[in-house]
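Okay, structure first, notes after.
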Amino acid sequence: MSALTGQHILLGITGGIAAYKIPELIRRLKDEGAQVRVVLTRGGEAFVTPMTLQAVSGEEVHSELLDTQAEAGMGHIELAKWADVVMIAPASANTLARLAHGFADDLLSTVCLATSAPLLLAPAMNQQMWQHPAVQANMTQLIARGVRAIGPESGSQACGDVGAGRMSEPHQIKAFIIEQLQGSTDKPLEGVHLTITAGPTREAIDPVRYISNHSSGKMGFALAQAAAKHGAKVTLIAGPVDLPTPFGVNRIDVESARDMLDAALAQPCDIFIGCAAVADYRVVNVAEHKMKKTAQTDAPTLELVENPDILKTIAGQDMPPMCVGFAAETRDVETYAMDKLKRKNLALIIANDVSNNDIGFNSEENAVVVLSTNDRVVFEQQTKASLAHQLTRYIASHFHKNFRK
Ligand code: C5P
1 MSALTGQHIL LGITGGIAAY KIPELIRRLK DEGAQVRVVL TRGGEAFVTP MTLQAVSGEE
61 VHSELLDTQA EAGMGHIELA KWADVVMIAP ASANTLARLA HGFADDLLST VCLATSAPLL
121 LAPAMNQQMW QHPAVQANMT QLIARGVRAI GPESGSQACG DVGAGRMSEP HQIKAFIIEQ
181 LQGSTDKPLE GVHLTITAGP TREAIDPVRY ISNHSSGKMG FALAQAAAKH GAKVTLIAGP
241 VDLPTPFGVN RIDVESARDM LDAALAQPCD IFIGCAAVAD YRVVNVAEHK MKKTAQTDAP
301 TLELVENPDI LKTIAGQDMP PMCVGFAAET RDVETYAMDK LKRKNLALII ANDVSNNDIG
361 FNSEENAVVV LSTNDRVVFE QQTKASLAHQ LTRYIASHFH KNFRK
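Residue numbers 1 to 405, in our numbering, belong to the letters of the sequence shown in order.
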């Protein structure tokens with residue numbers, strides 16, 4: 001059996017000179033046993049002909065969104081469902097922007113919205129364009145959403161420039177697709193119930209004001225997505241955040257720490273990950289009506305009371321799940337993390353240094369150290385999506401070694 005036997009690869013080709021290399025990619029994918037169907041954009045058509053692509057793929061090439069014939073046969077929904085993976089190569093700057101913003105005005109962008117298959121990109125463009133903050137911001141947004149990319153590579157470009165922007169070579173793209181498909185079929189958390197808390201909590205002062213923090217929820221959402229991809233049945237208990245629900249995840253929205261605890265207690269699970277930045281205190285007497293500023297009285301004093309520790313409560317149950325905590329610290333990171341691991345009776349603690357502005361709280365990237373009573377593993381700085389993937393695999397292996405006999 002070849003590496004891609006029986007796999008359906010939907011190849012999107014967009015406008016870039018590197019499109020001339022795609023017929024070779026198609027041949028290599030077919031040699032591995034894949035079935036390849038092509039969606040060609042208007043820009044792509046300028047660089048490679050439908051006739052060539054049809055000849056090498058052995059399939060009709062698709063380019064129209066609103067085509068009565070196509071909609072009756074392989075329309076956008078059928079193509080989206082057919083695909084095991086969508087690979088866009090070359091992915092132009094225009095395509096990255098359109099994907100980042102969810103456009104659906106041509107066949108390729110529509111298929112990308114309609115599919116649940118993983119989306120892979122091989123960006124290619126002039127090096128100056130690739131460096132542009134707009135392009136970088138679009139890439140960051142796509143990666144944070146779980147899209148994976150290969151390249152671009154550095155070297156001499158068709159336009160005469162030298163720099164990063166060349167599309168990765170067909171053999172590299174083929175290896176990348178194989179790696180991604182094998183990763184997604186390997187499900188070490190199959191049948192495992194996993195609950196994760198994410199985001200901040202909000203503690204009311206009065207009907208319009210609250211105490212909260214800067215947690216974006218991105219790390220917890222990325223972990224929920226990665227765990228679902230690895231086969232877990234995931235419940236994500238989310239504080240107020242502005243993030244889309246990861247595919248295949250059951251999401252419960254909450255506001256306060258006490259709501260979060262109630263939701264967590266109601267979800268029996270095998271693995272519990274406390275990723276939320278839970279407010280340590282709440283206001284004792286929440287005002288029933290909006291508090292007024294009055295000239296006569298002194299500034300009001302808020303009386304606070306400690307919130308329940310959600311993670312400690314879950315870990316302290318009679319038959320606790322494997323509990324994983326986060327320790328966001330600004331100094332003595334590992335000492336404080338180890339203390340939390342023991343105090344809260346956790347299996348693992350994921351420690352990060354939030355004094356570094358490039359990582360943690362509101363950024364797209366993170367770097368962490370994972371500690372247990374007998375192990376210490378460093379995960380270098382990378383996107384939260386890729387870190388979540390690695391952490392999930394580590395958590396799964398710890399679970400199988402120590403909790404599931
Ligand atoms: O706040 P602290 O640094 O002690 O948080 C460490 C871990 O405990 C985090 O994983 C956080 O999600 C969890 N936690 C919790 N409930 C709290 C406070 C923290 O679940 N009230």
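Idealized CB from N, CA, C, for every residue including glycine. Quick caveat: nothing in here was measured; it's all calculated off a predicted structure.
- Where D31 is concerned, the enclosing alpha helix (DSSP H) starts and stops at I22 to D31.
- Shortest Cα-Cα distance from E32 to any of E365, G6, L346 and V354 involves G6.
- Judged by DSSP secondary structure, E59 falls outside any beta strand (DSSP E); it is assigned neither H nor E.
- Residue pairing by DSSP places H193 opposite K233 in a beta bridge.
- DSSP places C323 in the uninterrupted beta strand (DSSP E) bounded by M322 to E329.
- Taking 7 Å as the cut-off, one finds at least one heavy atom of the ligand C5P near enough to the beta carbon of P308.
- DSSP assignment within the segment 244-326 yields the following whole beta strand (DSSP E) runs of 3 residues or more, N-terminal first: 250-253, 271-274, 281-283 and 304-306.
- Separation of the CB atoms of A100 and N138 is rounded to 4 Å, and the pair is thereby assigned contact status at 8 Å.
- Taking each of A91, E190 and S168 in turn and checking the Cα distance to A226, the smallest one comes out for E190.
- The three-state secondary structure of T140, taken from DSSP, is helix.
- The criterion of a C-beta distance shorter than 8 Å is satisfied by V86 and L10.
- Between A104 and L113, the CB-CB gap stays under 8 Å.
- The shortest CA-to-CA distance from L346 to any of Q267, S355, V333 and L371 is the one to L371.
- Spanning the alpha carbons of L107 and R148 requires a straight line of approximately 21 Å.
- Pairing R166 with E153 gives a Cβ-Cβ distance under 8 Å.
- Spanning the alpha carbons of K218 and R404 requires a straight line of approximately 29 Å.
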